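Visitor:
Protein chains in written order, with UniProt numbering: chain A, 1 to 394; chain B, 1 to 422.
#1: Would you mind sorting residue 149 of chain A into buried or exposed? The rule is 16 or more other CB atoms within 10 Å of its CB.
#2: Going by C-alpha to C-alpha distance, which of A:272, A:168, A:321 and A:179 sits closest to residue 365 of chain A?
#3: For the putative contact between residue 7 of chain A and residue 263 of chain A, defined by C-beta atoms under 8 Å, what is the C-beta separation to the nearest angstrom?
#4: Looking only at its own chain, which residues have a Cβ that is under 8 Å from the Cβ of residue 345 of chain B, when we skip the five neighbours before and after it?
#5: What residues in the region 264 to 279 of chain B have a beta carbon less than 8 Å from any beta carbon of chain A?
#6: Rank B:402, B:412 and B:311 by C-alpha distance to the C-alpha of residue 388 of chain B and give the top, closest one.
#7: Can you have a look at residue 323 of chain A and say buried or exposed, based on whether 16 or more other CB atoms are within 10 angstroms of its CB?
#8: Which residues of the region 218 to 240 of chain B have a Cβ closer than 8 Å to any Cβ of chain A? Give them in chain order.
#9: Rounded to the nearest angstrom, what separates residue 238 of chain B and residue 348 of chain B at their Cα positions?
#10: In this structure, does DSSP put residue 335 of chain B in helix, strand or coil?
#11: Using the rule of at least 16 other Cβ atoms within 10 Å of the residue's Cβ for burial, across every protein chain shown, is residue 319 of chain B buried or exposed?
#12: Identify the contact partners of residue 353 of chain A in chain B, using a Cβ-Cβ distance below 9 Å as the criterion.
#13: How would you label residue 280 of chain A, buried or exposed, when you count the other beta carbons within 10 angstroms and need 16 or more for buried?
#14: At a cut of 8 Å, does the region 356 to 375 of chain A reach the region 109 to 124 of chain B through at least three beta carbon pairs?
#15: Residue 354 of chain A and residue 261 of chain A - do their beta-carbons sit closer together than 8 Å?
#16: Could you spell out where the beta strand (DSSP E) holding residue 91 of chain A opens and where it closes?
#17: Answer with buried or exposed for residue 310 of chain A, where buried requires no fewer than 16 other C-beta atoms within 10 angstroms of its C-beta.
#18: Taking all protein chains shown into account, do 16 or more other C-beta atoms lie within 10 angstroms of the C-beta of residue 2 of chain B, making it buried, or fewer, making it exposed?
#19: Let me know the secondary structure DSSP gives residue 149 of chain A once reduced to three states.
#20: I think residue 264 of chain B touches residue 418 of chain B, with their Cβ atoms under 8 Å apart; what is that distance to the nearest whole Å?
#21: Using a Cβ cut-off of 8 Å (strictly closer), state whether residue 142 of chain B contacts chain A.
#22: Assign residue 6 of chain B to one of two classes, buried (16 or more other C-beta atoms within 10 Å of its C-beta) or exposed (fewer than that).
#23: Sort B:190, B:98, B:223 and B:106 by Cα distance to residue 169 of chain B and report the nearest one.
#24: Check whether the region 151 to 171 of chain B touches the region 37 to 52 of chain B, counting contact only when three or more Cβ pairs, one atom from each stretch, lie closer than 8 Å.
#25: Under the three-state reduction of DSSP, which class applies to residue 123 of chain A: helix, strand or coil?
#26: Name the residue from A:259, A:217, A:283 and A:277 whose alpha carbon lies nearest to the alpha carbon of residue 86 of chain A.
#27: Can you pull the chain B residues whose beta carbon is under 8 Å from the beta carbon of residue 157 of chain A, in chain order?
#28: Can you say whether residue 268 of chain A is buried or exposed, counting buried as having 16 or more other CB atoms within 10 angstroms of its CB?
#29: State yes or no: is the C-beta of residue 70 of chain A within less than 8 Å of the C-beta of residue 106 of chain A?
#30: Among B:408, B:287 and B:337, whose alpha-carbon lies nearest the alpha-carbon of residue 351 of chain B?
#31: Taking DSSP as the reference, what is the three-state secondary structure of residue 249 of chain A?
#32: By a C-beta neighbour count over all protein chains shown, 10 Å radius and 16 as the cutoff for buried, is residue 93 of chain B buried or exposed?
#33: Would you kindly work out how many angstroms separate the C-alpha atoms of residue 254 of chain B and residue 188 of chain B, rounded to a whole number?
#34: Counting only Cβ pairs nearer than 8 Å, list the residues of chain B close to residue 177 of chain A.
#35: Would you report the Cα separation of residue 109 of chain B and residue 195 of chain B, rounded to the nearest angstrom?
#36: On the three-state DSSP scale, how would you describe residue 308 of chain B?
Right, dumping it as C-alpha cells:
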C-alpha cells in the first residue's frame with residue numbers, strides 16, 4: 001500500500017439500464033434483460049438512453065442549449081461522478097482537478113446534411129452547393145456541439161473542473177489510454193485527483209454509419225455479445241451510455257476522509273497486429289502479466305461483438321479457466337470510447353459490493369459465488385487497440 | 001553534468017524536429033521564409049469560395065495529398081514532419097521504439113465521399129440508404145476516414161512506435177499537449193524516447209464556414225498576405241491554415257549517451273482550463289495567466305528568466321487582448337520589454353498543429369539567435385503595449401522561450417524551453 005496508489009472515489013454511469021451506480025447494480029441482479037429499441041434505427045437494434053432530466057446535473061438552460069445529446073450525456077454523467085465523490089461544488093478541489101475525456105465527435109445536423117445529399121443529385125457543382133447550404137443553414141452552436149474537446153469544455157463550464165483538460169480520441173482505445181494516463185500521472189505524483197471518462201451517443205445515423213463503412217454492425221436481431229452471428233453482419237450492437245470516474249491518490253482521498261470503491265492496479269495497453277493469432281497472443285501475454293500480480297476471479301469484458309476481436313478475446317480469456325467472464329455489452333450495447341471506463345466502473349462496483357454479477361449470458365458465462373478480490377477489466381477495440389487492467393480492493 | 005532538473009526529474013531533450021507549413025516543407029525553407037517575413041497566406045484555389053465570407057487561408061497546397069481530403073493530407077503532413085524529425089535524431093525510421101502522441105483534428109467522412117456514396121444509393125431521401133450503400137460498398141478508405149484512431153495507427157505502423165498511440169485534441173492547444181504528454185511520459189520513466197506530432201490538414205470549406213459562423217476568421221481577403229496581423233488595431237480574426245511539426249523527445253542522459261545532438265531542453269509545461277465560456281476567455285485572463293505560471297513553476301524558472309515569448313497571437317480581437325492582459329498579469333512592467341512575436345502573422349493558425357509548429361520555431365529561434373518578426377504590424381493596437389518584433393527579424397541572444405497555446409473549450413497550455421540544460 002502506498003500514498004500514491006490510485007483509488008476510485010467517485011463513479012458516474014449511465015446506460016439503457018438506468019442512471020447511476022445503484023440503478024445499475026440493481027438492474028444487473030437476477031437475470032438482467034437488455035433494454036432495446038428495435039424500430040427507430042432498423043435494421044439496427046440499439047440500446048437507447050433512458051429518460052434523463054438533464055437539469056439535475058446541468059441546471060442552466062443556456063448550457064443545455066449549447067450542447068447536443070452526446071455532450072449533455074457526458075456532462076451529466078461527469079456530474080454524477082463528482083457528486084458521488086463528494087466533490088460537486090467543491091470549488092477549490094474542482095479548480096485543481098485534472099481531467100481526461102475520451103471522445104469521438106458530436107452530432108451533425110441530419111436535416112442539413114440530408115438536404116445537401118438530396119440537392120446533390122440534381123446538380124454537379126457540389127463544391128458550390130456545399131457552400132450555399134452550409135453558410136445559410138448550419139447553426140453556429142452546432143459546430144461547438146460537434147467538437148471533440150468541447151465535452152471537456154462543457155464539463156469545465158458546468159462543473160468548474162479546471163485543473164487541466166485533455167481529450168483523447170480514437171474509439172475504444174482512447175478510453176483505455178485515458179484511464180491508463182490518468183492513473184500513471186497520479187502514481188508518479190504528477191496529479192493528485194482526476195476526472196476521467198467518456199460518453200457515447202449512438203442514436204444518430206452518423207454514429208451507425210461510422211461502423212457500417214466497414215460493415216461492423218449486426219442487423220435485424222439482438223443476441224448476447226458472445227452469440228453474434230456472421231450472417232447478420234459484423235457483430236456489433238451499439239448502445240448509448242457514459243462512464244466517468246474520480247481517481248485520486250490514496251493520500252488525497254484519505255486526507256479528505258473519503259472511502260474508495262476500489263483501487264486501480266496495473267493497466268496494460270497495446271496495438272496488436274490483428275492478423276492471424278496476433279490479437280489472441282497479445283491478450284494472452286497481457287493476461288499472464290496481470291494474473292501474475294493477482295489472479296482475478298472475475299472479468300468484466302468490454303468485448304464489442306465484432307467477430308474477429310471478440311473471438312480472439314474469448315479464446316484468451318477462456319485460457320484462464322478459473323475466471324468468470326461478464327461481457328457487459330450484452331446488456332449495454334457497445335459504448336465506443338466509454339467501453340473501458342464503463343468496464344472499470346462495473347469492476348469497481350463488484351469489488352465494493354464484494355459480490356460478482358450474475359451471468360449476463362447463461363449459455364456462455366458461469367456463475368461466481370465468491371466475493372471477488374481482484375477483477376479484470378478489458379477493452380478490445382473492434383478495429384484496433386486493446387487494453388486491460390486489474391481493479392483491486394482499496 | 002546533471003541529467004535531472006531541480007526537482008530531481010529527468011531532463012527532457014529535443015533531438016529531432018520536422019515541420020511543414022504553407023511556407024514550405026522542412027525546417028530550412030520554413031526558417032528562411034519566417035525570418036524573411038514572408039507570408040504563406042493566399043487566396044483559396046482548392047475549392048470554390050462562392051458564398052464564403054473568408055476566401056483566404058494558409059493551405060499546404062504543394063503535396064500530392066493536398067487535394068485528397070483532410071485525413072489524407074493530415075496523415076501526409078504528419079509523415080513528412082515525423083521523417084524529418086526522426087532522421088535528424090538519428091533514431092530508426094522503421095523501429096522508433098517509443099510512444100507516439102499525435103495532435104490531430106477530429107475526423108469525419110469527407111463530403112465528397114459522402115456525396116459519392118449517396119449518388120450510388122437508392123436515394124430514398126433518408127439516411128438509411130446512405131448507410132445501406134456504405135455497408136455494401138465496404139470501401140476501406142471511407143471507413144478509415146471516419147475513425148479517430150486511424151492516422152496514429154498508420155503512423156505507428158510506419159515508424160514502429162511502441163504501444164497504444166494517443167491521439168488527442170485540446171483544440172488550438174493540441175500540439176503543445178502532445179509535447180506535454182511526451183515530457184510527462186519521459187519524466188515517469190516509462191520510455192527513453194517519445195514522438196510528439198501535431199498535424200492539421202483540415203482546412204476544408206466546411207471548416208472555414210464553421211469558424212466563420214463563430215466570427216473567428218479574418219475577412220480581409222483583398223491582400224491575403226496582410227490579413228493576419230496579430231496585435232494590430234485593425235486585426236479582425238485568424239487565418240485558417242494547415243501544417244505539421246514533429247519533435248523527438250528523449251531523456252537528456254540517453255540522448256548524450258548515444259551521442260545525439262541536443263537541440264534544446266523542454267524545461268516545463270503547464271495548463272489551466274477556463275470555465276467561462278465555450279469560445280471566449282475569462283475577462284481577467286486568469287486561466288491563461290495560470291497556465292503561464294504553471295509552466296514556469298514546472299520548469300523551476302523565475303519570470304525574469306524568460307527571454308522571449310512565442311505568442312499564441314492569433315490576430316483575433318479577443319485572443320490578442322486577452323494574451324496581453326494575462327502576460328502583463330504575470331510579468332508586470334517587464335512585459336513591455338520582453339520580445340514577443342507571432343509566427344501566425346506569416347503561417348496563419350495551424351489549429352491542432354500550432355503548438356508543435358511553434359515549439360519547433362521557438363527552438364530554432366534560440367539556436368539561430370534570430371527572432372522571427374510579427375509581420376503586418378503597421379497599425380499597432382495602442383491598448384496592447386508590447387515589443388512584438390515588428391515586421392523585421394531581430395538578432396538576439398535567446399536562451400529561453402515561453403510558447404503559448406490557447407484554444408476553444410477553455411484550453412490553455414504553455415511550454416517553457418531552454419537552449420541549455422541550465
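Using N, Cα and C, we set each Cβ at its ideal position, and we do this for glycine too.
Keep in mind the model is a prediction, meaning the values are calculated, not measured.
Guide: From the atom records:
#1: Translated into positions along the first chain, residue 149 of chain A becomes position 149. Buried: at least 16 other Cβ atoms inside 10 Å.
#2: Mapped onto the first chain, residue 365 of chain A falls at position 365. Among A:272, A:168, A:321 and A:179, the Cα nearest to that of residue 365 of chain A belongs to A:321.
#3: Here residue 7 of chain A is taken as the residue at index 7 of the first chain, counted from 1. Here residue 263 of chain A is taken as the residue at index 263 of the first chain, counted from 1. Yes, they are in contact, since the Cβ atoms of residue 7 of chain A and residue 263 of chain A sit about 5 Å apart, within 8 Å.
#4: The sequence position of residue 345 of chain B within the second chain is 345, counting from 1. Within the same chain, residue 345 of chain B has close Cβ partners 39, 228, 229, 230, 313, 315, 373, 374, 375, 376 and 377.
#5: 271, 272, 273, 274, 275, 276, 277, 278 and 279
#6: For the purposes of this step, residue 388 of chain B is taken as residue 388 along the second chain, with counting starting at 1. Nearest option by C-alpha distance: B:311.
#7: By one-based count along the first chain, residue 323 of chain A stands at place 323. When all chains shown are included, residue 323 of chain A counts as buried.
#8: none
#9: As a first step, residue 238 of chain B must be located in the second chain, where it is residue number 238. As a first step, residue 348 of chain B must be located in the second chain, where it is residue number 348. Taking the straight line from one Cα to the other gives about 7 Å.
#10: Mapped onto the second chain, residue 335 of chain B falls at position 335. It is helical.
#11: Here residue 319 of chain B refers to the residue found at position 319 when the second chain is read from its first residue. Its Cβ being crowded by 16 or more others within 10 Å, residue 319 of chain B is buried.
#12: Numbered from 1 along the first chain, position 353 holds the residue referred to as residue 353 of chain A. The premise fails here: residue 353 of chain A is roughly 31 Å from chain B at the closest Cβ pair, so nothing lies under 9 Å.
#13: As a first step, residue 280 of chain A is located in the first chain; it is residue number 280 there, counting from the start. Burial call: buried.
#14: no
#15: Position 261 of the first chain, counted from the start, is the residue given in the question as residue 261 of chain A. Position 354 of the first chain, counted from the start, is the residue given in the question as residue 354 of chain A. Cβ atoms of residue 261 of chain A and residue 354 of chain A: not closer than 8 Å.
#16: Indexing the first chain from 1 puts residue 91 of chain A at position 91. That residue, residue 91 of chain A, is in no beta strand (DSSP E); its alpha helix (DSSP H) goes 91 to 95.
#17: Mapped onto the first chain, residue 310 of chain A falls at position 310. By the 10 Å Cβ count, residue 310 of chain A comes out buried.
#18: The sequence position of residue 2 of chain B within the second chain is 2, counting from 1. Exposed, by the Cβ-count rule.
#19: Your numbering for residue 149 of chain A matches position 149 in the first chain. Coil, per DSSP.
#20: What you label residue 264 of chain B is simply residue 264 of the second chain in a count that begins at 1. What you label residue 418 of chain B is simply residue 418 of the second chain in a count that begins at 1. Their Cβ separation, rounded to whole angstroms, is 7 Å, which keeps residue 264 of chain B and residue 418 of chain B in contact under 8 Å.
#21: Mapped onto the second chain, residue 142 of chain B falls at position 142. Residue 142 of chain B counts as touching chain A.
#22: Taking the first residue of the second chain as 1, we reach residue 6 of chain B at position 6. Burial call: exposed.
#23: Walking along the second chain from the start, residue 169 of chain B turns up at place 169. It is B:106.
#24: no
#25: What you label residue 123 of chain A is simply residue 123 of the first chain in a count that begins at 1. Of the three classes helix, strand and coil, the one that applies to residue 123 of chain A here is coil, per DSSP.
#26: In the first chain, counting from the first residue as 1, residue 86 of chain A sits at position 86. Nearest option by C-alpha distance: A:259.
#27: On the first chain, residue 157 of chain A is found 157 positions in, with the first residue counted as 1. Within 8 Å Cβ-Cβ: 275, 276, 277, 278 and 410.
#28: Taking the first residue of the first chain as position 1, residue 268 of chain A is located at position 268. It is buried - the Cβ of residue 268 of chain A has at least 16 other Cβ atoms within 10 Å.
#29: The residue given as residue 70 of chain A occupies position 70 in the first chain. The residue given as residue 106 of chain A occupies position 106 in the first chain. Cβ distance < 8 Å, so residue 70 of chain A and residue 106 of chain A count as in contact.
#30: Mapped onto the second chain, residue 351 of chain B falls at position 351. It is B:408.
#31: On the first chain, residue 249 of chain A is found 249 positions in, with the first residue counted as 1. Residue state, collapsed to three classes: strand.
#32: Within the second chain, the letter at position 93 stands for residue 93 of chain B. Flag for residue 93 of chain B reads exposed.
#33: By 1-based counting over the second chain, the position of residue 254 of chain B is 254. By 1-based counting over the second chain, the position of residue 188 of chain B is 188. Cα to Cα, residue 254 of chain B sits roughly 15 Å from residue 188 of chain B.
#34: As a working note, residue 177 of chain A is residue 177 in the first chain. In chain order: 164 and 166.
#35: Along the second chain, read from residue 1 onward, the residue named residue 109 of chain B stands at position 109. Along the second chain, read from residue 1 onward, the residue named residue 195 of chain B stands at position 195. Their backbone Cα atoms lie some 27 Å apart in a straight line.
#36: Here residue 308 of chain B is taken as the residue at index 308 of the second chain, counted from 1. The answer is strand: DSSP assigns residue 308 of chain B an E or B state.
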